[in-house]
Structure formats: structure tokens, C-alpha cells
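**Q**
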Amino acid sequence: MRYVINASAITVFFLTFILLNSNPAKADSALEQYFGGSSIYFELSQDEITDTDKFEGEADLRFRSDDLKVFLRASNNMPFPHQTDNFEFQKRGFEYDINRDWTVYGGNFSMIVGRGAALHAVEDRGVGWDAQLDGGKFEGEIGFLSLTGFWGEHKSDNTLYYTTGVNTPENVRADKLYGGVVGLDFNDVDFRIGLVKTDMMRNAAQVSVTITEADVNWKAGDFNIYFEGDWYKTETQGAEEPVEGRAQLAEINWANPGISISGQYIDYENSLFEYGTHPTLKRTEVDESTANPVDQEGFRIDTNITPGSWDGATLRVILVNLKADLTEGAGHRDFFVEYASSPLQDYSFIASVERIGGQLLYYGGVPGNEENYKLSVDGPFFLGGSFHAQTRIRQLSNDIESDDELELGFDWTVSPEFTIGLFRETSTNPIEPPPPGLFGIPIDSPGQWNHMFVNYTPDPWSEWNLLIGSRRGGYQCSGGVCANLPPFKGIQLTYSRLL
Amino acid sequence: MFKEIIGVKTMRILTLAMILALASIFPFAASAQDTDDNEVSWDGVRFELESLDGDDMNEEDVFSGADYYIVDFWATWCRPCSQYLPQLESIASDYEGSLKIVLFSVDDPGNISTARAMLGGEDYPFTILFDVEKEIQRDLGVARIPTSIIFDASGEEVWRHIGYEHGDEEEVRAKLVELIGEVESPAEEE
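Respectively, the protein sequence lines represent chains A and B.
According to the numbering used here, the stretch in the first sequence is residues 1234 to 1732, in order.
According to the numbering used here, the stretch in the second sequence is residues -10 to 179, in order.
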């Protein structure tokens, strides 16, 4: 087995393992009061997909006392292009409450303007997104007036930017972002006006983006109504005229016991912004869920029916209609119906039917029709375990080959601390086959992913996990937990401990 | 910036030292069986977040009036999270008066409308808040969802459970019996 491991990292790993499993003395309660939320994490893995052997360690230290919170993360886990070195302080910062109404932030901080199309500077490790800024922010309230101001830097995560041969993480200048939001908060109506300005260097040219945002949120009885408008102006050094764009979105929600209806409308035109995430009308867990900020308009109607007499069973009906204004196209229509049985029964199932017409986004926008049938079943299994089975059949109307998917998962709770599981996925969708075999032993073939896992939790705050085999990437729910995971094939041992 | 001032090698040594220092603290943070010492004080976690009903709520609004609180993390795309909610509803009903449930949605802000569609008609007896910046998730050390955390009235964490599969609700109930007591049957109440 090949490993490229730093000798000091081995020392850290085993020393920590020994310390954590030694007979501990009775704790000082002040320790948890001030450092609660701190954690450590280790991963030892060999991945045949990326052809990497790695040892990763991460320490997340959090200190809090009354009005002050300080955090510091040291890690050699570098999933983002802007991270340039081993064992650096990836995150550090503080949050200080001046009083109940005013807070200042320094170091790394998150900032969202509107629903995210104007600015979505957050860290979401589950999906591998980190646009947090490094600088400062203040936010506060004076009566019904709210004020937020921020300024910060961030190195681009656009991987194409780093593969041109010209730009490297070392010589790239950090992007600068600053702006603010003014809000008026009344009982049932809130107004916001925001301004975001960005200075960037792209391919040796200076690029400035200015975004003006305005939104209103109105609560009226059983209705909740939201409107937002964003206006973009992008000026590139050397270009004759700036590029102007806009994004508009509206949401109407109505709910009563047993039924809720939601309507959404979007209209995006030339509103691409690296630090923004445009709300999408597609369901998040499907492959083509990303919105197109350059040219997309459409609506979505979402109905959830769950009468009290159904004991938690739910009927969901979703209609999506998308089109492109600036380019010709047949549009995209998606009609989705899902029934989930009552989870209060021993065995539960979810069945769905989906019909897609017009441009097939998953297949690059080619015209056609698509039907998806999906069924998943969960329930108890012998030896105190549980099982999960899911199958999806996809049928296409044109020359693209149809594909079917099957997912099977079994796990056994051997004891309250010890769980083992098996997971298998298959797909007839033509894909690039992964490298054959695991340590030279063939365990799967193209279109198949098989893995087993062993999970040991000696207490609610520490966890060992061993995974052997192959895992398909994407949103996955396995062993009762969900995450957006990268594809993997090999062996992976992780340990996490929360203070 | 630190790298330029201090040097790469020194940075690595400092980082290693920090990890070792942190690791040396953990053994004194209680044995595996002694949950009283593994605590995340709620007092240090402050927030003001939009609720499902559209109101802004802070921790003082939410954490009052109960002996224990279950904090759960949920997302629209997480099937086990949704399967868990009717179980939590049943638990909330059984322990009404002594237990409150607070649900944090960790969806992106663009999914708030979908979350309202999925939760609005359910009429769950929970307080539901949108943690769009995922700050509460980070402050409480939640890496995967669903994760349920039980806090006592003083804001001290007493237990947590990661994930949900059929039967996990019995573990939650067993812990609540230990903390609060048995649920009275209707015959006993009469």
C-alpha cells in the first residue's frame, strides 16, 4: 500500500490517538464552557480515482467567553484552489457582541445579500463551497433600522483560472469585495437595499462588478411573499462598454394545516457573478439543479399535501417551466409527483414519477422527452439492523441511451456503539469506467459501485469510520446520514472528536 | 499574511503544536461514559434568524419555557431528515410542557421557499429557523445531518445523535426517559 505521509503527521495521529484513549482525569467544567464546539478530525486514505494517498488532519479551535467568540482552524485539507500550503491556518477570526444590537466580525466571515444572487459568501463544506471573505463586518439595529457593512478579500475558486499556466495560487491577487445592506424592519413587512462592489483581476485585466439589490418580504396572514431585484454592472479593463445584467425573483408561500403551496418566479439575464448563487427552480438533489444566471426565466409551483389523518404521509406535486430568452430553444418542462408513506410505520416507501420535456438539461440541452420512475423502501432488518433499497428507471425518447439505476444499502447495529454496513449502486448510464480492482482485486465493473463501512462511536462526541470500496459522487444518504460527497474508490479511515 | 511574516516552516511547527495542544486537552474532557463533561454551552451561541413564519427570532425567544430542548438539523434534500420529523412530532407531543424542539434548516437561501412548501403544511409543534449562513451548524460542531442534540434548561448539551434510521427514535426516547421520566399513559393521567 502506497502512502506519501509526512513523518510528523504520523506522530501527531498516533500521539493524539493515545492521548484520547488514555484514562482521562475528571474534566474542569470551565474547559468545556470556553472551548466547547472545538473538534479534531483525521483522515487516512488511498483513493484510486484521484490516485492520491493522503493523511489529513484538522483542528478546529473555538473559544468563547461572554461577548467574544474566537475561532481558529489548522488543517492540511486543501479542497479549494485558493489554499496553497500544508498545515496552514485556513480559518481564523472573531465575533464580538458590543451589545445585544451590535456585533463586529474580524477575520473570516460569512455574508449573504438577498437570496444569494447578489452575494453568497459562505462556507458549505458539505458541497465543497467556500466563498467566505477575509476582512471585517459589522451589523446592528437601531429601532426598526438595520445596518450591515462589510469589506474583505477572497482568492478565486474558479479552477479554470488556475489552469491557464499563467495564474497560480501564489501570484493571483485576491479579489476585493465590499458593500452593505440597509433594512427597515416593521411588524409584517421588511425592506432591504444592498450594494456589493467587487474588484478582481481576470487574465491580466481589471474587472469591477457593482450589484445593487433590493428586496421586500411581506407576511400577510397565511401568505408569505418575497420580491427581489438585482442589477449588475460589469466593467472590464479594455472593453468599450460595461455589461449590464439583472436578476429578479419572486416567491409566494401559502400554508394551512395539511396543505402548503409555493410559487416561485425567476428571470436572470447576464447576471453571472462568481460570489453569487442564483436560486434554482429545480430540485437541489438532481444533477441539473444549477441555475443559469446568464439567460433563464421560469416559474415553479410546489404543492405539499399531508392531512393529519395520513400520519405523516405526504403527496408532493412540483411543476417547473424554464426557458431561455436570449437564445432560441424549446424550453424545459418538469412535472414531478412523489408520494411518501407514513414514516411512523415499520416499513416506509417513497414513489415518484417525473416527466421532462423540451430541452434535456442533464444531456446538455438536447431536445427530447424523459420519464423517470423511482421507488425507495426503508425498514428494519434482522440482527437489529435496517435496510434501504432504491431503484430509478429513466427512459428517453430520442437516440440517447436510456439508463436505469439501483441502490441497495444494509446496515446492522451490532451494539449501540458499533454499526457495519454494505452499500451498492449500479447504473446502466455509459460512464468512464473507474480503475479496475482494489489493491489488484477486482471488486466492481463499469457502472457499479460497492462499498462496506464500519462505524464505531464510543460516545456521542467521537466517531471512527472505515470505508472500503467504491462510492459514487453526489448527494448521498447512507447509514442514515446525508452529505454531498465526491466520488471515491479505495480505503478510508476517519476519526472525529468534538469537545 | 502569517506565512510571509513568520515563514512556512515556522507556520507548520506552530500548527502542529496547536494540534498537539488541542489533542492534549481532549483526554481531560471526560470519559466516554461520563456525558456531563462533554458540553457545548448554549449560552455562548447567539443568533437572530428568520423563522418559518417569517419572524426574526433570537436564542432568548426560542430557548425558554422548557426543561429540555432537542435541536435538530434538517435540509430539503435530506430524506432521513424528513423521515425523522414525524417521530420528533410524536416525541414533542408526549413530552409537551417539559420538552421543546427547535429545527434548524441548513438549506441555502434560495431553498427557503421549497423548505416552506415542505414544512408549512405539516403544522409541526417546533420552532423552525433558517440557518442559511450555517453558523449554528458550525458553532455546534454539526458535520452531517440529521443531527439531534439535547440541551438542558441551562443551555448545557447532554446528548447528541447523528443520523436517522428506523428505530433511532427509540434511542432518543430512552434518553428522555432517563432525563425527564416515563411518558404518562392516558389512563394514568385520568
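Built from N, CA and C at the ideal position, the CB exists for glycine as well.
Should residue 1492 of chain A be flagged as near chain B, meaning a C-beta pair shorter than 7 Å?
**A** For this step, residue 1492 of chain A is matched to residue 259 along the first sequence. Yes, residue 1492 of chain A counts as interfacial toward chain B.
**Q** Give the straight-line distance between the Cα atoms of residue 1419 of chain A and residue 1325 of chain A, rounded to the nearest whole angstrom.
**A** Residue 1419 of chain A sits at position 186 when you count from the first residue of the first sequence. Residue 1325 of chain A sits at position 92 when you count from the first residue of the first sequence. Cα-Cα distance, rounded: 35 Å.
**Q** Skipping 5 residues on each side, what residues in its chain have a beta carbon closer than 7 Å to that of residue 1303 of chain A?
**A** Here the question's residue 1303 of chain A lines up with position 70 in the first sequence. Here the set comprises 1296, 1327.
**Q** Assuming residue 1540 of chain A and residue 1480 of chain A form a contact by the criterion Cβ under 8 Å, report the distance between their Cβ atoms to the nearest whole angstrom.
**A** As a working note, residue 1540 of chain A is residue 307 in the first sequence. As a working note, residue 1480 of chain A is residue 247 in the first sequence. Their Cβ separation, rounded to whole angstroms, is 37 Å, which puts residue 1540 of chain A and residue 1480 of chain A out of contact at 8 Å.
**Q** Is residue 43 of chain B close to chain A? Criterion is C-beta to C-beta, closer than 7 Å.
**A** On the second sequence, residue 43 of chain B is found 54 positions in, with the first residue counted as 1. Judged by the 7 Å Cβ criterion, residue 43 of chain B is in contact with chain A.
**Q** For residue 102 of chain B, would you say it is in contact with chain A, using Cβ-to-Cβ distances shorter than 7 Å as the test?
**A** Reading the second sequence from its first residue, position 113 is the one you call residue 102 of chain B. Cβ-Cβ to chain A under 7 Å: yes for residue 102 of chain B.
**Q** With residue 127 of chain B as the anchor, note down where its beta strand (DSSP E) starts and where it stops.
**A** Numbered from 1 along the second sequence, position 138 holds the residue referred to as residue 127 of chain B. From DSSP, residue 127 of chain B is part of no beta strand (DSSP E) but of the alpha helix (DSSP H) over 124 to 128.
**Q** Among A:1732, A:1726, A:1719, A:1714, which residue has its Cα nearest to the Cα of residue 151 of chain B?
**A** Working through the second sequence from its first residue, we reach residue 151 of chain B at position 162. If we check each option's Cα against that of residue 151 of chain B, A:1714 comes out closest.
**Q** What does the alpha-carbon distance come out to for the pair residue 1437 of chain A and residue 1407 of chain A?
**A** Here residue 1437 of chain A corresponds to residue number 204 of the first sequence, with the count starting at 1. Here residue 1407 of chain A corresponds to residue number 174 of the first sequence, with the count starting at 1. The alpha-carbon atoms of residue 1437 of chain A and residue 1407 of chain A are separated by roughly 13 Å.
**Q** In three-state terms, what does DSSP make of residue 71 of chain B?
**A** Translated into positions along the second sequence, residue 71 of chain B becomes position 82. Here residue 71 of chain B sits in helix by DSSP.
**Q** Mind listing which residues of the region 138 to 154 of chain B have their C-beta closer than 7 Å to chain A's C-betas, in chain order?
**A** Listed in sequence order: 148, 149, 150, 151, 152, 153, 154.
**Q** What first and last residue would you give for the alpha helix (DSSP H) that runs through residue 103 of chain B?
**A** As a position in the second sequence, residue 103 of chain B is number 114, starting the count at 1. Element bounds for residue 103 of chain B: 101 to 108.
**Q** May I ask which residues mark the beginning and end of the beta strand (DSSP E) holding residue 1287 of chain A?
**A** As a first step, residue 1287 of chain A is located in the first sequence; it is residue number 54 there, counting from the start. Residues 1285 to 1298.
**Q** I'd like to know if residue 54 of chain B contacts chain D, where contact means its C-beta is closer than 7 Å to some C-beta of that chain.
**A** Protein chains A and B are contained in the structure displayed, whereas chain D is not.
**Q** Give the residues from the region 100 to 126 of chain B that approach chain A closer than 8 Å (Cβ to any Cβ), ordered along the chain.
**A** Taking 8 Å as the Cβ-Cβ cut-off against chain A, the residues of the region 100 to 126 of chain B that qualify are 100, 101, 102, 103, 105, 106, 107, 108, 109, 110, 111, 112, 121, 122, 123, 124.
**Q** Cα separation between residue 1581 of chain A and residue 1332 of chain A?
**A** Against the first sequence, residue 1581 of chain A aligns to sequence position 348. Against the first sequence, residue 1332 of chain A aligns to sequence position 99. If you take the alpha carbons of residue 1581 of chain A and residue 1332 of chain A, they lie about 49 Å apart.
**Q** If the criterion is Cβ atoms closer than 7 Å, does the pair residue 1708 of chain A and residue 66 of chain B meet it?
**A** On the first sequence, position 475 is the one that residue 1708 of chain A refers to. On the second sequence, position 77 is the one that residue 66 of chain B refers to. Result yes, Cβ atoms of residue 1708 of chain A and residue 66 of chain B sit closer than 7 Å.
**Q** Using the rule of at least 16 other Cβ atoms within 10 Å of the residue's Cβ for burial, across every protein chain shown, is residue 75 of chain B buried or exposed?
**A** Along the second sequence, read from residue 1 onward, the residue named residue 75 of chain B stands at position 86. That one is buried.
**Q** Anything in chain A within Cβ reach of residue 66 of chain B, meaning under 8 Å, just list it in chain order.
**A** Here residue 66 of chain B refers to the residue found at position 77 of the second sequence. The contacting residues are 1516, 1517, 1518, 1708, 1715.
**Q** Quick check on residue 1421 of chain A: does DSSP put it in helix, strand or coil?
**A** The residue given as residue 1421 of chain A occupies position 188 in the first sequence. In the structure shown, residue 1421 of chain A sits in coil (DSSP, three-state: anything other than H, G, I, E or B).
**Q** Could you work out which residues of chain B lie near residue 1272 of chain A, taking near to mean beta carbons separated by less than 7 Å?
**A** The residue given as residue 1272 of chain A occupies position 39 in the first sequence. Simply 130.
**Q** Mind checking if residue 80 of chain B is an interface residue toward chain A, Cβ cutoff 7 Å exclusive?
**A** Within the second sequence, the letter at position 91 stands for residue 80 of chain B. No, residue 80 of chain B does not count as interfacial toward chain A.
**Q** Check each residue of the region 1608 to 1619 of chain A: if its Cβ is closer than 7 Å to any Cβ of chain B, include it; give the result in chain order.
**A** So the list reads 1611, 1612, 1613, 1619, given in the order they occur along the chain.
**Q** Quick one: Cα of residue 90 of chain B to Cα of residue 56 of chain B, how far?
**A** Here residue 90 of chain B is taken as the residue at index 101 of the second sequence, counted from 1. Here residue 56 of chain B is taken as the residue at index 67 of the second sequence, counted from 1. Cα to Cα, the separation comes out at about 11 Å.
**Q** In chain B, which residues lie with their C-beta within 9 Å of the C-beta of residue 1448 of chain A?
**A** Stepping through the first sequence from its first residue, residue 1448 of chain A is reached at position 215. Residues of chain B passing the Cβ test: none, with the nearest at roughly 11 Å.
**Q** Could you give the first and the last residue of the continuous alpha helix (DSSP H) run that contains residue 164 of chain B?
**A** To locate residue 164 of chain B, count along the second sequence from 1; it is residue 175. Counting along the chain, the alpha helix (DSSP H) containing residue 164 of chain B begins and ends at 157 to 168.
**Q** Residues of chain A with CB under 9 Å from residue 134 of chain B, in chain order?
**A** The sequence position of residue 134 of chain B within the second sequence is 145, counting from 1. By Cβ distance, chain A contributes 1359, 1714, 1715, 1716.
**Q** Compare the C-alpha of residue 1499 of chain A against each of A:1616, A:1460, A:1637, A:1543 and name the closest.
**A** Sequence index remark: in the first sequence, residue 1499 of chain A carries index 266 (1-based). Checked all of A:1616, A:1460, A:1637, A:1543; the closest Cα to residue 1499 of chain A is A:1460.
**Q** How would you list, in chain order, the residues of chain A whose beta-carbon sits under 7 Å from the beta-carbon of residue 61 of chain B?
**A** Taking the first residue of the second sequence as position 1, residue 61 of chain B is located at position 72. Within chain A, no residue comes near residue 61 of chain B; the closest Cβ sits about 13 Å away, beyond 7 Å.
**Q** Alpha carbon to alpha carbon, how far is residue 1571 of chain A from residue 1732 of chain A?
**A** Indexing the first sequence from 1 puts residue 1571 of chain A at position 338. Indexing the first sequence from 1 puts residue 1732 of chain A at position 499. Approximately 41 Å between the Cα atoms of the pair.
**Q** Could one say the Cβ of residue 1495 of chain A lies closer than 7 Å to chain B's Cβ atoms, at least one of them?
**A** As a position in the first sequence, residue 1495 of chain A is number 262, starting the count at 1. Chain B, which has a Cβ nearer than 7 Å to the Cβ of residue 1495 of chain A, makes this yes.
**Q** In whole angstroms, give me the CA-to-CA distance for residue 1422 of chain A and residue 35 of chain B.
**A** Numbered from its first residue, the first sequence carries residue 1422 of chain A at position 189. Numbered from its first residue, the second sequence carries residue 35 of chain B at position 46. Rounded to the nearest angstrom, the two C-alpha atoms are 24 Å apart.
**Q** When the distance is taken between beta carbons, is residue 1602 of chain A closer than 7 Å to residue 1587 of chain A?
**A** As a working note, residue 1587 of chain A is residue 354 in the first sequence. As a working note, residue 1602 of chain A is residue 369 in the first sequence. Result no, Cβ atoms of residue 1587 of chain A and residue 1602 of chain A do not sit closer than 7 Å.
**Q** Is the CB of residue 1348 of chain A under 7 Å away from at least one CB in chain B?
**A** For the purposes of this step, residue 1348 of chain A is identified with residue 115 of the first sequence, where counting begins at 1. So yes, residue 1348 of chain A belongs to the interface.
**Q** Output needed for residue 133 of chain B: all residues of its chain with C-beta closer than 8 Å, excluding positions within five of it in sequence on either side, in chain order.
**A** Counting from one through the second sequence, the residue named residue 133 of chain B turns up at place 144. So the qualifying residues of the chain are 151, 152.
**Q** Taking C-beta pairs closer than 8 Å, name the residues in chain A that residue 162 of chain B reaches, listed in chain order.
**A** Here residue 162 of chain B refers to the residue found at position 173 when the second sequence is read from its first residue. Those do not exist, as residue 162 of chain B stays about 13 Å from chain A at its closest Cβ, beyond 8 Å.
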